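2 protein chains.
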Amino acid sequence: MIKVAVDAMGGDYAPGEMVAGAVDAVNTQPGIQVILVGKEDVVNAELSKYTYEKDRIQVVNATEVIATEEPPVNAIRKKKDSSIVVGMNLVKKKEADAFVSAGSSGAILVGGQVIVGRSKGVERPPLAPLIPTEKGVSLLIDCGANVDARPSHLVQFARMGSIYMENVMHIKNPRVAIVNIGAEEEKGNALVKETFPLLKECRDINFIGSIEAREIPHGGADVIVCEAFVGNVILKLYEGVGATLLSKVKGAMMSDLRSKIGALLVKPALKATLKSFDASRYGGAPLLGLNGLVVKTHGNSKANEVKNSIIQCVAFKEQGINEKIRESLNADREHE
Amino acid sequence: MIKVAVDAMGGDYAPGEMVAGAVDAVNTQPGIQVILVGKEDVVNAELSKYTYEKDRIQVVNATEVIATEEPPVNAIRKKKDSSIVVGMNLVKKKEADAFVSAGSSGAILVGGQVIVGRSKGVERPPLAPLIPTEKGVSLLIDCGANVDARPSHLVQFARMGSIYMENVMHIKNPRVAIVNIGAEEEKGNALVKETFPLLKECRDINFIGSIEAREIPHGGADVIVCEAFVGNVILKLYEGVGATLLSKVKGAMMSDLRSKIGALLVKPALKATLKSFDASRYGGAPLLGLNGLVVKTHGNSKANEVKNSIIQCVAFKEQGINEKIRESLNADREHE
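Which chain is which? The protein sequence lines are A and B, in order. Per the numbering used here, the first sequence runs over residues 1 to 336. Per the numbering used here, the second sequence runs over residues 1 to 336.
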C-alpha cells in the first residue's frame, strides 16, 4: 500500500475537486491509500457524496489554509496547522509516502525544503513538470523558485530528470538537452556556456547538446534543462499560446453558420487530438531531490488532474526514485 | 523618396523571394526605392521576370555571401564584399535609409553595431520583433545577442520600445511590462529585481509592472521588456507551440471522412482568423538604436514578409524614430 497525503484545501477548486480526485484515485488504482488533509468537517461533507472503500481514505484535520498570495517563508513558519505544513509533516514522519497539493507554489517549494528536507547531496530541489509535445511528453527541469542557479545545480537537474524519465515514464536512455538560443556550443549566456561542458562530461546521462525553444514542442529532447526563470517562462508561455490559439480556433468555428456546421463534424476528432496536448493528463510536477515525494499540481486542477497526480506517486515510490537520485548524486560526490 | 537596401542573398528562399518581395513593395507602396544588394547577374535574372518601374529598383553588386553558420564577427570583418557588409555600408554612407536582410542574425547584429554604428547614448542596440497577440501585436524587446544584459540596458529597451510602438504602430501611451515569474514586485531573478525600481522611476514610459509569460499571448502589454536569452526563448517557443498546435488541428481535421467534410466548411473562417496570428504579416524586427535602420526578417521569409519589412521602413523613417530615440536617451543623460 502506498500512502498519499492530499492537500484538500489548496487550489482554485478546493475542496470539491481535490476530494473528488482522491476518490477517483482509490476507485481506479489498487494499492493506494489517500490521507485528505484539511478542515475535517468540510472534507467529510464532500466525502459523504461518494462511494469508496472507507478504509482507503482517511481524513487528517488541519485548521489553517495558506493562501496563494501569502509570503511563503512566513506562511510555512507561522501556520503550523495549515494543510500544507500538516501534510508535509506526514511525509517527514514517514506516515505518508507522498504529498500532493494544488496550493501556493511558493509555500510548497519552501515547505518541501524546510519540512520534508533535501536529500543528501542535493544542492537544490527542482520542480519538474511534464509538458506535452508532438511525440509524447518531456520533463522541463527546473520551473521552481531557484532563480539565479549555478552550473552545478543544472548538472544535478539533468541527472535527476534522467532518472525520473527513465524510471517513471519508462523512456530508455532519455535525451537530455540544455535550453539555449542557438544549437552551437559557443552560443548562450554565461550560465549555459559554463554548464555545457559539465553536461558533456557527465557519463550517466545521454546529453545531446543545446535545444532551441522552437524544438521543445516538437519533442526535441526528453529532459529539458534550464534555470527556473527560463523554465517558468517556457511553462507559462506554453499554456498561454495554447489557450490563445485554441480560443481563436473555436472563435473561427463559431463565426458563421457554415463554420458552425463544419465544427460539429470536426469536433470529435479535434477533441481527441487536442486531449493529447493537454497538460492535465500527466498529473502534477514532482519536486525532486527531497527525503520524500512532494507533487505540485496546477492551481486550477480538477478531479482528473488530482487523480493522475496521486496515481503518479505509485510509480515514483515503486521505482525508488529518491533512492536512485541519492545514489547517483553521492556516487558522483565520492569521485570528486 | 525612401531608399531601402535589401539583402538579395540572405534567407532560405533567396534570391527568388527577396527579389519578389522588393518588386511587390515598389508596386504596392509609392515613395519607396529599393536597392537590391547581391550577385548582379543572379539578381538581374530574377528581376527580369517582373514588371515594375525600372527607376525604382537598382542593383548593387556584392560578390560574397555570409552563411548562417559562419562565426559573425569574423564574417563581417573578412567578407567585405558580402551582401550584408555592402548593404550596411550603403546605410552608413547615407546612400540608403534602411537595410533589410533575412540572412544570418549574428552577422546582422554584429554588422549593425560595427558598420552602421550605435546611436549616441545607446548602450546596446536591441532586436525587437512584433509578436501577434489576441488583441493585436506586442513588441518583444530584446531578442538579439545581448545576453547577460544589465538593468540600465533594459531601461533603455523599455524607452526605445515605447517610442517605436507609439510612433510606428500608433499605440498611444503603450503599456510597458517586464517579463517575470510572478506579478509581485519582490519576485524575479537578480536582473529583474534590480531593473523593476528603475522602470518604476522612469517618467517617459507607461510602466505597468511585471508580466507573466502566460499573459503575453493575451496582449497583456504593448512593450515586453526582457534580456535577449529570455526574449529568444519566448520568440521561438511562440513559433514552436503555434506550429505544433496548428499541425495537430490540421491532422485532426484530416483524420476521417466526417472531419474532412467539416474541415471544408470551417476552412475559410479558420484561415482568416489564424492569419491574424501569423507573425509574417508584421514584417521584420528592427535593430533599434543605430545610426540608421536595420531590419532582420525571418530566415524563412517569403515575398510577403519581405514586402512588409520594406514598407515598415517608411513609417520608421517618416516618424524619425532614430532621432526620437537619440533625444530621449540623451535628455536622460543630461539629467544624470
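Where a beta carbon is used, it is the ideal one built from N, C-alpha and C, also for glycine. Only a predicted model underlies this, so the values are computations on that prediction, with no experimental measurement involved.
Using a 10 Å radius around the Cβ and a threshold of 16 neighbouring Cβ atoms, would you call residue i buried or exposed?
| i | result |
| --- | --- |
| Ser-152 (chain B) | exposed |
| Ala-183 (chain A) | exposed |
| Glu-336 (chain A) | Bear in mind that the predicted position of Glu-336 (chain A) carries a pLDDT of just 48, short of 50, making it too unreliable to give a figure here. |
| Asp-12 (chain B) | exposed |
| Val-73 (chain B) | exposed |
| Lys-187 (chain A) | buried |
| Asn-300 (chain B) | exposed |
| Val-241 (chain A) | buried |
| Ser-259 (chain B) | buried |
| Gly-320 (chain A) | exposed |
| Met-254 (chain B) | exposed |
| Ala-331 (chain B) | exposed |
| Lys-49 (chain A) | exposed |
| Ala-8 (chain A) | buried |
| Ala-145 (chain B) | buried |
Of the choices the options, whose alpha-carbon is the least far from that of residue i?
| i | options | result |
| --- | --- | --- |
| Leu-270 (chain B) | A:Asn-189, A:Leu-274 and A:Leu-246 | A:Leu-246 |
| Gly-136 (chain A) | A:Glu-323, A:Leu-274 and A:Pro-126 | A:Leu-274 |
| Ile-62 (chain B) | B:Gly-38, B:Asn-74 and B:Ser-259 | Per the sequence shown, the amino acid found at residue 62 (chain B) is Ala instead of Ile. When each option's Cα is compared against that of Ala-62 (chain B), the closest is B:Gly-38. |
| Ile-196 (chain B) | B:Ile-178, B:Ile-76, B:Ile-35 and B:Glu-53 | Per the sequence shown, the amino acid found at residue 196 (chain B) is Phe instead of Ile. Minimum Cα distance to Phe-196 (chain B) is reached at B:Ile-178. |
| Asp-204 (chain B) | B:Ile-163, B:Arg-214 and B:Ile-115 | B:Ile-163 |
| Glu-215 (chain B) | A:Ile-234, A:Lys-200, A:Ile-216 and A:Leu-199 | A:Ile-234 |
| Ile-141 (chain B) | B:Lys-317, B:Leu-288 and B:Asn-167 | B:Leu-288 |
| Ile-131 (chain B) | B:Met-9, B:Glu-327, B:Glu-239 and B:Ala-272 | B:Glu-239 |
| Ser-276 (chain A) | B:Ser-259, B:Gly-251 and B:Ala-107 | B:Gly-251 |
| Gly-220 (chain B) | B:Asn-180, B:Asp-256 and B:Ala-315 | B:Asn-180 |
| Cys-313 (chain B) | B:Val-19, B:Gly-10, B:Met-9 and B:Pro-30 | B:Pro-30 |
| Asp-222 (chain A) | A:Asn-189, A:Thr-244, A:Asn-173 and A:Ser-259 | A:Asn-173 |
| Pro-217 (chain B) | A:Val-65, A:Asn-308, A:Leu-257 and A:Ala-243 | A:Ala-243 |
| Glu-64 (chain A) | A:Val-110, A:Gly-10, A:Ala-20 and A:Ile-35 | A:Gly-10 |
| Ala-60 (chain B) | B:Lys-200, B:Glu-95 and B:Tyr-50 | Reading off the sequence, residue 60 (chain B) comes out as Val, not Ala. Measuring from the Cα of Val-60 (chain B), the nearest candidate turns out to be B:Glu-95. |
| Thr-51 (chain A) | A:Pro-129, A:Val-100 and A:Thr-28 | A:Thr-28 |
| Phe-229 (chain A) | A:Leu-191, A:Ala-331 and A:Leu-90 | A:Leu-191 |
| Asn-232 (chain A) | A:Val-249, A:Ile-208, A:Val-294 and A:Cys-143 | A:Cys-143 |
| Val-100 (chain B) | B:Ile-311, B:Arg-326 and B:Glu-201 | B:Ile-311 |
| Asp-256 (chain B) | A:Asp-256, A:Ala-272 and A:Glu-194 | A:Ala-272 |
Residue i to residue j, Cα distance in whole Å?
| i | j | result |
| --- | --- | --- |
| Val-306 (chain B) | Val-4 (chain B) | 11 angstroms |
| Ser-83 (chain B) | Ser-105 (chain B) | 14 angstroms |
| His-170 (chain B) | Asn-206 (chain A) | 50 angstroms |
| Glu-134 (chain B) | Ser-210 (chain B) | 19 angstroms |
| Ile-57 (chain B) | Val-6 (chain B) | 10 angstroms |
| Glu-323 (chain A) | Ala-98 (chain A) | 14 angstroms |
| Val-338 (chain B) | Gly-16 (chain B) | In the structure as shown, chain B starts at 1 and stops at 336, and residue 338 (chain B) therefore has no counterpart that could be examined. |
| Arg-77 (chain A) | Phe-157 (chain B) | 40 angstroms |
| Glu-212 (chain B) | Ser-138 (chain A) | 22 angstroms |
| Met-160 (chain A) | Thr-68 (chain B) | 35 angstroms |
| Glu-166 (chain B) | Ile-2 (chain B) | 21 angstroms |
| Lys-317 (chain A) | Gly-117 (chain B) | 59 angstroms |
| Gly-87 (chain A) | Leu-127 (chain A) | 18 angstroms |
| Ile-108 (chain B) | Leu-198 (chain A) | 31 angstroms |
| His-298 (chain B) | Leu-237 (chain B) | 15 angstroms |
| Ile-224 (chain A) | Val-176 (chain A) | 6 angstroms |
| Val-19 (chain B) | Leu-36 (chain B) | 7 angstroms |
| Gln-33 (chain A) | Pro-129 (chain B) | 52 angstroms |
| Tyr-282 (chain A) | Asn-89 (chain A) | 26 angstroms |
| Arg-326 (chain B) | Glu-201 (chain B) | 20 angstroms |
| Ala-149 (chain B) | Ile-208 (chain A) | 27 angstroms |
| Lys-294 (chain A) | Gly-112 (chain A) | Reading off the sequence shown, one finds Val at residue 294 (chain A), where the question assumed Lys. The straight-line gap from Cα to Cα measures roughly 7 angstroms. |
What is the C-beta distance between residue i and residue j, in whole angstroms, given that I count them as a contact (C-beta under 8 angstroms)?
| i | j | result |
| --- | --- | --- |
| Gly-292 (chain B) | Lys-80 (chain B) | Incorrect: roughly 19 angstroms between the Cβ atoms, too far for contact. |
| Lys-296 (chain B) | Ala-303 (chain B) | Contact flag wrong, Cβ pair sits at about 17 angstroms. |
| Ala-14 (chain A) | Ala-102 (chain A) | 7 angstroms |
| Val-155 (chain A) | Glu-227 (chain A) | Actually they do not touch by this definition, with Cβ atoms about 12 angstroms apart. |
| Gly-337 (chain A) | Ala-22 (chain B) | Outside the modelled stretch of chain A, which goes from 1 to 336, sits residue 337 (chain A), for which no answer is possible. |
| Ala-315 (chain B) | Val-168 (chain B) | 5 angstroms |
| Pro-125 (chain A) | Leu-290 (chain A) | 5 angstroms |
| Val-110 (chain B) | Val-249 (chain A) | Actually they do not touch by this definition, with Cβ atoms about 40 angstroms apart. |
| Val-266 (chain A) | Val-266 (chain B) | 6 angstroms |
Comparing the CB of residue i with every heavy atom of the ligand ZN, is any distance shorter than 6 angstroms?
| i | result |
| --- | --- |
| Ile-311 (chain A) | With respect to the ligand ZN, the structure shown offers nothing to examine, as it has no ligands at all. |
Discussion item. Is it the case that the stretch 44-51 of chain B contacts the stretch 109-127 of chain B, given that we only count it when at least three CB pairs across the two stretches are under 8 angstroms?
Written reply: No, the stretch 109-127 of chain B is not in contact with the stretch 44-51 of chain B.
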